[in-house]
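Data block below; observations after.
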Amino acid sequence: MNPLHGIEPFPVAARKALADKQLRRNLGHATATIRDKRARVVAEVPDWEELRRAGEAIKAATMARLDEHLIELEKQVTARGGRVHWARDAAEANRIVTELVQATGAREVVKVKSMATQEIGLNEALEAAGIAAVETDLAELIVQLGHDRPSHILVPAIHRNRTEIRDIFLREMSGVDPDLTDDPRQLAMAARAHLRAKFLTAKVAVSGANFAVAETGTIAVVESEGNGRMCLTLPETLITVMGIEKVVPQWTDLEVFLQLLPRSSTGERMNPYTSTWTGVTPGDGPQEFHLVLLDNGRTSVLADEVGRSALHCIRCSACLNVCPVYERTGGHAYGSVYPGPIGAILSPQLTGIKNNASLPYASTLCGACYDVCPVRIDIPTILVHLRAQAPAPAAEAVAMAGVAWAMAGPRRFRFAEFLLRLGRLLGRRGRIRRLPPPLSAWTASRDLPVPAAQTFRQWWRSARRPQ
Amino acid sequence: MSARDEILGRIRGAVGPAPAVPPVPRDYDVSGGHITEPMELLADRLRDYAATVFTCAPADLDERLADITRGWRVAVPAQARFAVPGAVRDDPPLPYSDLDAVDAVLTGCAAACADTGTIALDAGPDQGRRALTLIPDRHVCVVHADQVVRSVPELVRRLDPHRPLTFISGPSATSDIELNRVEGVHGPRSLIVVLVDPVGSGSGRR
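Order-wise, the sequence lines are chains A and B. Following the numbering used here, the numbering of the first sequence begins with 1 at its first residue and continues without gaps. Following the numbering used here, the numbering of the second sequence begins with 1001 at its first residue and continues without gaps.
See below:
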């Protein structure tokens, strides 16, 4: 299964998700909590808008010279003892990582939460090669132990409540205390105990990257729990997989993103831990470092002048938390590891619109996502742009052809108005709830007011008649 | 064609021969001028993250550290210029299992940022290698007044990116269960900060 698109189109998957009351309760609670926290810590930053504009411009300027920045990054990482690999697509990235792990002789790797490695299905590829990939982020661990799929960029187990998590731990975690309660502190301590031995003995770690600074060759990972520090510090070998769009030109660019990202994502002034490293440091941390630069569709996104700003995303997930659609359907309905508003513009561009044609419609175009985006990605505009490229549903094509015919002449228009008034017969108590096929596709999830008894033109004639 | 050349070629094809590079407006606040009492703010922010904060005058530091760590087995960096009674030096480097067994690690820091309550470590002589401040369950960190800056930009500009850096804002935490914050997961579960302030240093825990 491709991690970037589901088996079912969004409307089908969304309908199932909406029927799950527990899911809607969990999501409603979680997104409301995080929205409030974010709003509070953003409000206390006097120069928030200036930071957003700087973040937007840094990303746009980087993309314009992406080739030069990547070459510089490669040069700096190599000069500091790291090795850089390039991967055109998921299969190539998976092959590179698998061979690097095999060369160490390790049968198990510890992993820092990373969207890029989820996007390429790295865990499955490693498993096929007989290498166990252990997710160490608490939410990723919950997803992995639950044989589940992530449903949120930042909090992949947002669809699970504490009781469900307790049940997963009791069922799947070896050696767990059978009296484990659903207190979040106890659950976190169970995860600590479960992973501690793995951290202290792991030989190889795999991570993603939040930022990579071209001028210095410095990689940054932003996290909360310390599982990232464990993976980035203790093993002998570190393999980092990053999308090519994560590069930033200068070290001082981080002063912008380290303010924008934590407040937008977890609603904290600063996340508990950020690690940065440059190549290899003798006597401190992994003595072998590999950086895998991943394209996997990013250069096609870059080729679209309207859609390319989707590559500016810093994966904060603020747009998911404010989206009225995401809040109700959750992330699984989008079928991609990138759900929510950013997923609705990024996934179809990465896979090609044909493979994700329903996602640009998974939005009301309300614009809340644009308002909260820390790098000002104009998601609604890109959604509309992608809708124009998506193959139109049959019912829409029929309706539009009809409208085009009717609006081509005044007599046709009058005839259309006459037909519309007949629509009054379909209404009950002022609403039309069901139309015959193919128009039933529209009324499957919406209703309409019945047409007015009098058309505008009829009213105009009667109102202007001399009394 | 190598993957490298192919990806670089795709990028050049995507952006065209002469892409416009927009100017980056840097009119955001660099100096944190609105912050008047950085030491006070730093203490507040740290406490907000559930760190324990002490303040003392430079002359009282040794005594204060001895008080805090009394009865604990404490690891200190190999080249630290400070120590507490009975401290274990990370020289030669202690095995991970030993670090896991000590009660606390005692270090200095490279800089700290008041606005966000962030302490930066750069593996300097009084901080040691990264594993040292990661595996022990308690981290006692000494922050001197002249290491405290107001804003995140000031903090970033003070640090050398070629050194391995760790930015710490409170003890390890997670929000992965219903987005409730729980302190103490894989990193040190307790962060104890000693602010050394030559002016206006009160005494005791604040």
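Note that CB positions come from ideal geometry on N, CA and C, so glycine has one too. Model, not experiment: these values are computed from the prediction.
In the DSSP output, which residue or residues are listed as bridge partners for residue i?
{"i": "L291 of chain A", "result": "A:V84 and A:T240"}
{"i": "V1194 of chain B", "result": "B:F1054 and B:V1142"}
{"i": "P449 of chain A", "result": "A:R431"}
{"i": "D284 of chain A", "result": "A:T281"}
{"i": "R315 of chain A", "result": "The partner list for R315 of chain A (beta bridge, DSSP) is empty, contrary to what the question assumes."}
{"i": "F211 of chain A", "result": "A:A220"}
{"i": "K111 of chain A", "result": "A:E135 and A:V206"}
{"i": "R1089 of chain B", "result": "B:V1076"}
{"i": "L1183 of chain B", "result": "For the record, residue 1183 of chain B in the displayed sequence is Glu; it is not Leu. E1183 of chain B is bridged to B:A1173."}
Are there 16 or more other CB atoms within 10 angstroms of the CB of residue i, so buried, or fewer, so exposed?
{"i": "L419 of chain A", "result": "exposed"}
{"i": "D1091 of chain B", "result": "exposed"}
{"i": "W277 of chain A", "result": "buried"}
{"i": "W460 of chain A", "result": "exposed"}
{"i": "V256 of chain A", "result": "buried"}
{"i": "S207 of chain A", "result": "buried"}
{"i": "R1205 of chain B", "result": "Low local confidence applies: a pLDDT of 49 at R1205 of chain B is under 50, so the model's placement there is unreliable, with the coordinate-based value given in what follows. Classification for R1205 of chain B: exposed."}
{"i": "L422 of chain A", "result": "exposed"}
{"i": "P1038 of chain B", "result": "buried"}
{"i": "S1169 of chain B", "result": "buried"}
{"i": "A452 of chain A", "result": "exposed"}
{"i": "G243 of chain A", "result": "buried"}
{"i": "G28 of chain A", "result": "exposed"}
{"i": "M270 of chain A", "result": "buried"}
{"i": "S264 of chain A", "result": "buried"}
{"i": "L260 of chain A", "result": "buried"}
{"i": "A197 of chain A", "result": "exposed"}
{"i": "G1202 of chain B", "result": "Note that G1202 of chain B scores 49 on pLDDT, short of 50, meaning its location in the model is unreliable and no value can be drawn from it."}
{"i": "L1191 of chain B", "result": "buried"}
{"i": "R412 of chain A", "result": "exposed"}
{"i": "A205 of chain A", "result": "buried"}
{"i": "P1025 of chain B", "result": "exposed"}
{"i": "D1029 of chain B", "result": "buried"}
{"i": "Q1079 of chain B", "result": "exposed"}
{"i": "T181 of chain A", "result": "exposed"}
{"i": "T364 of chain A", "result": "exposed"}
{"i": "L1132 of chain B", "result": "buried"}
{"i": "S1002 of chain B", "result": "exposed"}
Could you spell out where the alpha helix (DSSP H) holding residue i opens and where it closes?
{"i": "T329 of chain A", "result": "P324 to T329"}
{"i": "D1176 of chain B", "result": "Looking at the DSSP string, D1176 of chain B is not in any alpha helix (DSSP H); the run it does join, the beta strand (DSSP E), is A1173 to I1177."}
{"i": "T381 of chain A", "result": "I379 to Q389"}
{"i": "I168 of chain A", "result": "R162 to E172"}
{"i": "R465 of chain A", "result": "Careful: R465 of chain A lies outside any alpha helix (DSSP H) and carries neither H nor E."}
{"i": "R412 of chain A", "result": "P410 to L422"}
{"i": "V42 of chain A", "result": "K21 to A43"}
{"i": "A1104 of chain B", "result": "Segment A1104 to T1107 is the beta strand (DSSP E) holding A1104 of chain B; no alpha helix (DSSP H) there."}
Find the residues of chain B that neighbour residue i, judging by a C-beta separation of less than 7 Å, and give them in chain order.
{"i": "T33 of chain A", "result": "L1179"}
{"i": "R192 of chain A", "result": "V1185 and H1186"}
{"i": "A64 of chain A", "result": "V1015, P1019, A1020 and V1021"}
Can you pull the chain B neighbours of residue i, defined as C-beta to C-beta under 8 Å?
{"i": "G226 of chain A", "result": "L1134, S1172, V1185, H1186, G1187 and P1188"}
{"i": "E236 of chain A", "result": "Within 8 Å Cβ-Cβ: nothing; E236 of chain A doesn't reach chain B, min ~12 Å."}
{"i": "F199 of chain A", "result": "H1186"}
{"i": "T252 of chain A", "result": "P1153, V1156 and R1157"}
{"i": "D447 of chain A", "result": "In chain order: nothing, as chain B lies at least about 35 Å away."}
{"i": "L195 of chain A", "result": "H1186"}
Whose Cβ in chain A lies nearer than 7 Å to the Cβ of residue i?
{"i": "G1071 of chain B", "result": "Within 7 Å Cβ-Cβ: nothing; G1071 of chain B doesn't reach chain A, min ~23 Å."}
So residue i contacts chain A; which residues on that side make the cut at Cβ distance below 8 Å?
{"i": "H1162 of chain B", "result": "R80, T216, T218 and T278"}
{"i": "I1192 of chain B", "result": "The contacting residues do not exist; I1192 of chain B stays about 15 Å from chain A at best."}
For the beta strand (DSSP E) containing residue i, list its first residue and its last residue.
{"i": "S275 of chain A", "result": "Y273 to T278"}
{"i": "I1119 of chain B", "result": "T1118 to L1121"}
By the criterion of Cβ-Cβ separation under 9 Å, what are the contact partners of residue i in chain B?
{"i": "V213 of chain A", "result": "P1161"}
{"i": "E92 of chain A", "result": "A1003"}
Using a cut-off of 9 Å between C-beta atoms, extract the partners of residue i located in chain A.
{"i": "D1067 of chain B", "result": "Simply none; closest approach about 26 Å."}
{"i": "T1166 of chain B", "result": "R229, T233, Y273, T274, S275 and T276"}
For this session: Please list the residues of the region 274-293 of chain A that have a C-beta atom closer than 9 Å to any C-beta atom in chain B, keeping them in chain order.
Result: T274, S275, T276, W277, T278, G279, T281, G283, D284, G285 and L293
Exercise. Got a sec: which bits of the region 1017-1038 of chain B sit with their beta carbon under 9 Å from any beta carbon on chain A, in order along the chain?
Worked result: P1019, A1020, V1021, P1022, P1023, V1024, P1025, R1026, D1027, Y1028, D1029, V1030 and H1034
Problem set entry | Residues in the region 149-177 of chain A having any Cβ partner in chain B nearer than 9 Å | L154, V155, P156, A157, I158, R160, N161, R162 and I165
For this session: Please list the residues of the region 102-120 of chain A that have a C-beta atom closer than 9 Å to any C-beta atom in chain B, keeping them in chain order.
Result: none
Exercise. Using a beta-carbon distance cut-off of less than 7 Å, what residues from the region 27-56 of chain A approach chain B?
Worked result: H29, A30, T33, I34, P46, D47, E50, L51, R53 and A54
For this session: Determine which residues of the region 1078-1096 of chain B have a Cβ less than 8 Å from any Cβ of chain A, and write them out in chain order.
Result: P1093 and Y1096
Exercise. Of the residues that make up the region 1103-1126 of chain B, which ones have a beta carbon closer than 7 Å to any beta carbon in chain A?
Worked result: T1116, G1117, T1118 and A1123
For this session: Give, in chain order, every residue of the region 129-150 of chain A whose Cβ lies closer than 8 Å to some Cβ of chain B.
Result: T136, D137, L138, A139 and I142
Exercise. What residues in the region 260-274 of chain A have a beta carbon less than 7 Å from any beta carbon of chain B?
Worked result: T266, R269, M270, N271, P272, Y273 and T274
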